[in-house]
Amino acid sequence: MFSNRFRTLFVATLLAATTQVEAQFAQAPLPYATDALVPSIDKMTMEIHYGKHHKAYVDNLNKALAGKPEEKMSPDELMGKITKETAPAVRNNGGGHWNHTFFWSIMGPAKGGAPKGALAEAIAKDFGSLDEFKKKFKEASTGRFGSGWAWLIVKDKKLMVTSTPNQDNPLMPVADVQGAPVLGLDVWEHAYYLNYQNKRPDYVDAFWNVVNWDKAAEHYAAAMK
Numbered sequence: 001m002f003s004n005r006f007r008t009l010f011v012a013t014l015l016a017a018t019t020q021v022e023a024q025f026a027q028a029p030l031p032y033a034t035d036a037l038v039p040s041i042d043k044m045t046m047e048i049h050y051g052k053h054h055k056a057y058v059d060n061l062n063k064a065l066a067g068k069p070e071e072k073m074s075p076d077e078l079m080g081k082i083t084k085e086t087a088p089a090v091r092n093n094g095g096g097h098w099n100h101t102f103f104w105s106i107m108g109p110a111k112g113g114a115p116k117g118a119l120a121e122a123i124a125k126d127f128g129s130l131d132e133f134k135k136k137f138k139e140a141s142t143g144r145f146g147s148g149w150a151w152l153i154v155k156d157k158k159l160m161v162t163s164t165p166n167q168d169n170p171l172m173p174v175a176d177v178q179g180a181p182v183l184g185l186d187v188w189e190h191a192y193y194l195n196y197q198n199k200r201p202d203y204v205d206a207f208w209n210v211v212n213w214d215k216a217a218e219h220y221a222a223a224m225k
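The opening residue of the sequence shown carries number 1 in our numbering; numbering runs sequentially from there.
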C-alpha cells in the first residue's frame, strides 16, 4: 500500500500535471449581468447563450487542440490560421469562442445612441449616413440564410458590411471577405428565438439599443493603424 507521504506526493504531482495541460482557451466573465440588456436581449437567452453555448465552444475547442501546437496560440492567432483543411472542430469551436467573446464586448447596458468621432465620420463617408449603414447591416443580418454572423469591418482602410456562415468570421483566411471586425451580430436562432421567435428583423433592430459604440470606436481605431 502507498504510504501517506507517497500518496500526498502522487496527488500533488497529478494535480500539477493537470494544471499544465489545463485548458489554454478560457471564457472571460460576462462584462455585465445577464439581465443588463433587457428588453433588447432577455435574461434567459443571455444565460443560455453565454453559460451553455459559448462555454461549449470553449470546452470543445480545448479538447480539439489538446496536445497540439495551436493550443498555445492566442484566439486572434488561431483565427488567422483557419483554412479549408482545418479540422471542423477547430474551425467551428474556435470561431464560436472568438465570435462570442467579441460579441459580448461590443454590447452593454445603457448604450445605443450613435457613434462619435472618427467612426461616425467614417460611417458617413463610406455609407452616406448612419441610417444607410444600419440598412445595409440589417440586409446582411436578415439575408444570411440559416446560421451565421453579420459584421461591420475595416478592409483596405474603408468600412464595409459583410456576413459569414456558421461560426466563421472575417479574420479567417477562408472568409469570402476578410477584414478587421468593428461590430458583429450573432444571427443564430439561439441568440434571439426565445424573445423574438422567427422575427429576426426585430432582433436586429433591438441590437442598436445595446451597441457599445465606444468599444466599436476602439476596434475601428486599432484597425486603421
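Built from N, CA and C at the ideal position, the CB exists for glycine as well. As the structure is a computational prediction, the values presented were derived from the model and not from experiment.
**Asked** Looking at the structure shown, is residue 90 part of a helix, part of a strand, or coil, going by DSSP?
**Response** helix
**Prompt:** With burial defined as no fewer than 16 other Cβ atoms inside 10 Å of the residue's Cβ, what is the status of residue 69: buried or exposed?
**Reply:** exposed
**Request:** Could you pull the start and end residues of the alpha helix (DSSP H) that residue 78 belongs to?
**Result:** Counting along the chain, the alpha helix (DSSP H) containing residue 78 begins and ends at 75 to 79.
**Request:** Could you say which of 74, 91, 113 lies nearest to residue 82 if we only look at CA atoms?
**Result:** 91
**Asked** If we call anything under 8 Å between Cβ atoms a contact, is residue 211 one with residue 143?
**Response** no
**Prompt:** Do the CB positions of residue 99 and residue 186 come within less than 8 Å of each other?
**Reply:** yes
**Request:** Please list, in chain order, all residues of the same chain as residue 188 whose beta carbon is under 6 Å from its beta carbon, the five residues on each side excluded.
**Result:** 147
**Item:** Residue range of the beta strand (DSSP E) that includes residue 162
**Value:** 158 to 165
**Asked** Span of the beta strand (DSSP E) holding residue 185?
**Response** 180 to 186
**Message:** Can you tell me where the alpha helix (DSSP H) holding residue 117 begins and where it ends?
**Reply:** 117 to 127
**Request:** Can you have a look at residue 216 and say buried or exposed, based on whether 16 or more other CB atoms are within 10 angstroms of its CB?
**Result:** buried
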